[in-house]
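Under UniProt numbering, the sequence shown has 391 at position 391, and the numbering climbs by one with no breaks.
Where a beta carbon is used, it is the ideal one built from N, C-alpha and C, also for glycine.
Being a predicted model, the structure only gives us computed values, none of them experimental.
A short write-up of the structure that comes next.
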Amino acid sequence: MSDYLVIVESPAKAKTIERYLGKKYKVKASMGHVIDLPKSQMGVDVENNFEPRYITIRGKGPVLNDLKKSAKKAKKVYLAADPDREGEAIAWHLAHSLGIEEGAKCRVVFNEITKDAIKESFKEPREVDMKLVNAQQARRVLDRLVGYNISPLLWKKVKKGLSAGRVQSVAVKLIIDRENEIKNFIPEEYWSITGAFTHKRRKFEAKFYGTDGDKVELKNEQDVQKVLDRLEGDEFTVQKVNKRERKRNPAAPFITSSLQQEAFRKLNFRAKKTMMVAQQLYEGIDLGGKDGTTGLITYMRTDSTRISDTAKGEAADLIKAKFGEDHLGKKQGKAKKDERSQDAHEAIRPTVIHKDPQTIKPKLSNDQFKLYKLIWDRFIASQMAPAVLDTVTAHLMNQGVEFRATGSQIKFKGFMELYIEGSDDQKKDEQKVLPPLEEGEKVKAKDITPNQHFTQPPPRYTEARLVRTLEEKGIGRPSTYAPTLDTVQRRGYVALDNKRFVPTELGTIVIELLEQYFPEIINVKFTVDMENNLDGVEEGGQQWRNIIDNFYQDFQKRLDKAEEEIEKIEVKDEPAGEDCEKCGHEMVYKMGRYGKFLACSNFPDCRNTKPILKEIGVKCPSCKDGNVVERKSKKRRTFYGCDQYPECEFVSWDKPIERPCPKCSSLLVEKKQKKGVQVKCTDCDYAESVQQ
Numbered sequence: 001m002s003d004y005l006v007i008v009e010s011p012a013k014a015k016t017i018e019r020y021l022g023k024k025y026k027v028k029a030s031m032g033h034v035i036d037l038p039k040s041q042m043g044v045d046v047e048n049n050f051e052p053r054y055i056t057i058r059g060k061g062p063v064l065n066d067l068k069k070s071a072k073k074a075k076k077v078y079l080a081a082d083p084d085r086e087g088e089a090i091a092w093h094l095a096h097s098l099g100i101e102e103g104a105k106c107r108v109v110f111n112e113i114t115k116d117a118i119k120e121s122f123k124e125p126r127e128v129d130m131k132l133v134n135a136q137q138a139r140r141v142l143d144r145l146v147g148y149n150i151s152p153l154l155w156k157k158v159k160k161g162l163s164a165g166r167v168q169s170v171a172v173k174l175i176i177d178r179e180n181e182i183k184n185f186i187p188e189e190y191w192s193i194t195g196a197f198t199h200k201r202r203k204f205e206a207k208f209y210g211t212d213g214d215k216v217e218l219k220n221e222q223d224v225q226k227v228l229d230r231l232e233g234d235e236f237t238v239q240k241v242n243k244r245e246r247k248r249n250p251a252a253p254f255i256t257s258s259l260q261q262e263a264f265r266k267l268n269f270r271a272k273k274t275m276m277v278a279q280q281l282y283e284g285i286d287l288g289g290k291d292g293t294t295g296l297i298t299y300m301r302t303d304s305t306r307i308s309d310t311a312k313g314e315a316a317d318l319i320k321a322k323f324g325e326d327h328l329g330k331k332q333g334k335a336k337k338d339e340r341s342q343d344a345h346e347a348i349r350p351t352v353i354h355k356d357p358q359t360i361k362p363k364l365s366n367d368q369f370k371l372y373k374l375i376w377d378r379f380i381a382s383q384m385a386p387a388v389l390d391t392v393t394a395h396l397m398n399q400g401v402e403f404r405a406t407g408s409q410i411k412f413k414g415f416m417e418l419y420i421e422g423s424d425d426q427k428k429d430e431q432k433v434l435p436p437l438e439e440g441e442k443v444k445a446k447d448i449t450p451n452q453h454f455t456q457p458p459p460r461y462t463e464a465r466l467v468r469t470l471e472e473k474g475i476g477r478p479s480t481y482a483p484t485l486d487t488v489q490r491r492g493y494v495a496l497d498n499k500r501f502v503p504t505e506l507g508t509i510v511i512e513l514l515e516q517y518f519p520e521i522i523n524v525k526f527t528v529d530m531e532n533n534l535d536g537v538e539e540g541g542q543q544w545r546n547i548i549d550n551f552y553q554d555f556q557k558r559l560d561k562a563e564e565e566i567e568k569i570e571v572k573d574e575p576a577g578e579d580c581e582k583c584g585h586e587m588v589y590k591m592g593r594y595g596k597f598l599a600c601s602n603f604p605d606c607r608n609t610k611p612i613l614k615e616i617g618v619k620c621p622s623c624k625d626g627n628v629v630e631r632k633s634k635k636r637r638t639f640y641g642c643d644q645y646p647e648c649e650f651v652s653w654d655k656p657i658e659r660p661c662p663k664c665s666s667l668l669v670e671k672k673q674k675k676g677v678q679v680k681c682t683d684c685d686y687a688e689s690v691q692q
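Written out as structure tokens, the structure reads:
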């Protein structure tokens with residue numbers, strides 16, 4: 001019989017920890033929460049000071065009974081749930097259910113699942129932190145009051161299956177506001193002038209800057225013509241050459257939001273997938289041999305870039321050995337702390353630095369390897385020296401008209417040897433090297449080209465952009481971003497178009513109703529203030545019931561008013577412009593979990609449905625009669641097939657293009673490469689250079 005019982009959330013985590021603690025410890029998993037508010041009702045007694053009504057979660061009875069039996073046999077019980085509000089709440093519920101005395105030092109927390117961290121945490125167990133528990137209770141009760149009151153109203157007035165939550169409603173509002181910005185955007189004309197120059201047979205490019213020493217904006221063709229009229233001949237004088245050295249610092253180690261953003265940019269991982277894979281890496285991977293099951297990264301729900309001295313030292317040793325001492329960053333002071341950051345945990349980093357991704361790749365799944373490599377590279381790069389770039393700006397003059405040529409060259413790569421942070425704007429790190437220009441020299445303009453441009457509307461939100469915006473505005477917390485993005489899509493409030501969010505008609509209707517009757521729910525300031533209040537509860541400065549009461553008094557009045565005033569809203573289906581081939585009724589567009597699809601308007605008498613086919617402008621190479629259309633597999637992967645299926649069974653994972661192979665006249669397809677798209681023949685070795 002084991003002397004001590006340790007309870008964690010997951011079996012994977014239990015297996016890792018039990019190996020570190022030894023034979024005297026038995027580690028069991030609660031499988032997440034065992035006690036929670038009931039799903040079938042609100043579970044909050046509004047008349048009794050918002051007292052939560054907790055129950056054993058359906059199906060968790062056997063788990064809880066097993067834990068109770070094990071607890072009775074053990075000398076002492078330790079509760080080792082995750083080190084956050086949810087984990088503290090799980091520990092609190094378990095303590096009550098298992099009869100652990102109030103004030104008992106039964107709670108152990110650790111930021112990483114490594115032997116040293118685990119053993120150290122058991123040296124100093126603490127009481128369950130009721131400030132953390134109350135902060136979690138406040139959020140849970142608040143979300144119940146909002147969701148379980150507004151959702152039935154939406155069911156009654158709009159459509160069954162709808163819901164409204166604090167953070168998700170604000171996220172949808174941001175997406176709708178951006179769509180309105182795009183619709184209302186009025187493009188403005190502007191021009192630029194580019195010159196192709198030569199100096200001693202070397203070509204380079206320069207752009208118009210201004211006239212007579214002043215910067216000039218070119219708003220129309222007349223402005224351009226005035227500039228061109230001033231030029232005399234094709235000879236320019238190099239008036240001035242500015243040379244300077246510029247440093248580029250590495251990005252900080254990952255926090256939850258930056259990990260989600262970068263995984264989307266570089267790995268095409270959705271936020272939900274990123275957190276799922278990160279959880280696996282945190283809880284432990286079986287590396288075999290002496291290592292066994294090992295936690296590979298620190299806790300992945302954090303808003304701090306802080307790093308332990310031990311990790312810094314290990315990283316420094318690795319950098320000196322692998323890249324040389326000149327690549328080691330100078331000792332940094334304390335990481336800058338965002339005023340909204342709780343700073344409860346370290347940044348996300350590898351737990352054991354010498355376990356580099358390539359070494360343990362055979363033990364990881366493809367997704368685990370990709371994410372671990374991203375985390376490992378980012379952390380090591382964060383401890384490396386800045387990159388050093390030499391930049392040159394040459395000022396070229398002709399009759400008071402100034403063109404400027406800029407060039408940059410990497411003098412010392414530093415951290416860029418390993419990792420460069422991605423960007424939502426897809427800017428490339430281009431190196432343009434200018435010829436050696438000296439002041440007073442003459443250069444010739446081979447071509448002066450005016451270019452007309454129009455300002456572009458702001459881009460739609462990708463997952464990465466939306467997470468960044470939520471973080472910047474202080475809406476929600478690291479743990480809420482992934483479930484928020486997942487919920488708004490499952491409810492049909494937004495859809496994805498080319499990996500960018502677009503609001504649906506349903507989403508727009510819901511937000512308009514909330515805006516009219518519950519403006520505080522979708523108000524950014526209200527949401528941010530509420531997050532700050534919850535942080536106040538965690539810090540012990542505020543009482544959670546007072547926060548809920550202050551909110552609920554006004555909310556109840558708005559709820560009564562909405563119930564009385566809102567009339568039944570009919571969400572009409574959009575006609576698809578074709579008839580059902582089974583019964584002849586009109587087909588309409590419907591919104592499902594994965595976006596729009598076609599359905600018969602005679603439902604439920606006729607249940608005919610089919611996907612919306614997107615033509616790509618290519619005739620089927622197999623049957624010659626049909627057209628190639630874009631389709632989705634069951635796993636939502638894009639492929640291409642003939643619209644005459646099942647009569648024609650042509651399929652291709654690669655996108656066919658219209659022109660035939662110039663070598664053998666077979667089908668050409670676009671193959672995705674790391675650096676762009678390559679056109680290749682499906683029948684011979686013909687290939688075109690990669691398109692950037």
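Gly407 has Val392 as its beta-bridge partners, per DSSP. Apart from the 5 residues on each side of it in sequence, Leu281 sits with its Cβ closer than 7 Å to the Cβ of Leu296, Ile297, Gln368, Leu371, Tyr372 in its chain, given in chain order.
DSSP places Asn398 in the strand class (E or B) of the three-state scheme. Taken in chain order, the complete alpha helix (DSSP H) segments of 4 residues or longer contained in the segment 494-560 are 505-517, 524-539. The C-alpha of Arg244 is placed about 25 Å away from the C-alpha of Asn398. When secondary structure is reduced to three states using DSSP, Tyr282 falls in the helix class. Here DSSP, grouped into helix, strand and coil, assigns Asp45 to strand. Going by DSSP, Arg85 is part of the alpha helix (DSSP H) stretching over 85-97.
Burial state of Trp653 is exposed, judged by a 10 Å Cβ sphere holding fewer than 16 other Cβ atoms. About 4 Å separates the beta carbons of Phe403 and Ala206, which is inside the 8 Å limit, making them a contact pair. Residue pairing by DSSP places Gly195 opposite Ala206, Ile448 in a beta bridge. For the 9 Å CB-CB criterion, Lys157 and Lys568 form a contact.
Taking the Cβ atoms as the reference, Ala445 lies roughly 5 Å from Gly195, within the contact range of under 8 Å. Annotation: Pro656 to Asp356 spans about 39 Å, alpha carbon to alpha carbon. Just measuring C-alpha positions, the residue of Gln137, Ala117, Thr480, Glu630 sitting nearest Asn498 is Glu630. Here His33 carries a coil assignment [DSSP, helix/strand/coil]. With a minimum length of 3 residues, the unbroken runs of beta strand (DSSP E) contained wholly in the segment 207-254 fall at 235-248. Under the three-pair Cβ rule at 8 Å, the segment 459-472 counts as touching the segment 172-181. Straight-line spacing of the CA atoms in Ala71 and Leu5 works out to 6 Å.
In the structure shown, Leu418 falls within a coil segment according to DSSP collapsed to helix, strand and coil.
Around Leu318, the same chain offers Ile353 as residues with beta carbons nearer than 6 Å, after the five sequence neighbours per side are excluded. With a cutoff of 9 Å on beta-carbon distance, Phe254 and Arg58 are scored as not near each other.
Residue pairing of Ser652 in beta bridges, as defined by DSSP: Tyr640. Boundaries of the beta strand (DSSP E) harbouring Pro575: 574-579, taken from the DSSP string. C-alpha of Thr487 to C-alpha of Pro436: approximately 57 Å in a straight line.
A direct Cα-Cα distance of roughly 14 Å separates Lys105 from Leu98.
Per DSSP, the unbroken beta strand (DSSP E) holding Glu630 starts and ends at 627-632. For Glu670, the CB contacts under 7 Å within the same chain, skipping 5 residues up- and downstream, are Asp654, Lys655, Ile657, Val677, Val679 in chain order. Sorting Lys68, Ala74, Glu688, Gln516 by C-alpha distance to the C-alpha of Lys23 places Ala74 at the top.
One Cα belongs to Glu570, the other to Met42, and the distance between them is close to 27 Å.
Closest in C-alpha terms to Gln222, from the list Asn451, Val128, Lys272, comes Asn451. Judged by DSSP in its simplified three-state form, Thr609 adopts strand. Contact between the segment 534-554 and the segment 129-145 is established, with three or more Cβ pairs separated by less than 8 Å. Taking C-beta separations shorter than 7 Å and ignoring five residues to either side along the sequence, the partners of Phe501 in its chain run Ile175, Arg460, Tyr461, Leu466, Val494, following chain order. At a Cβ-Cβ threshold of 9 Å, Ala80 and Val27 count as neighbours.
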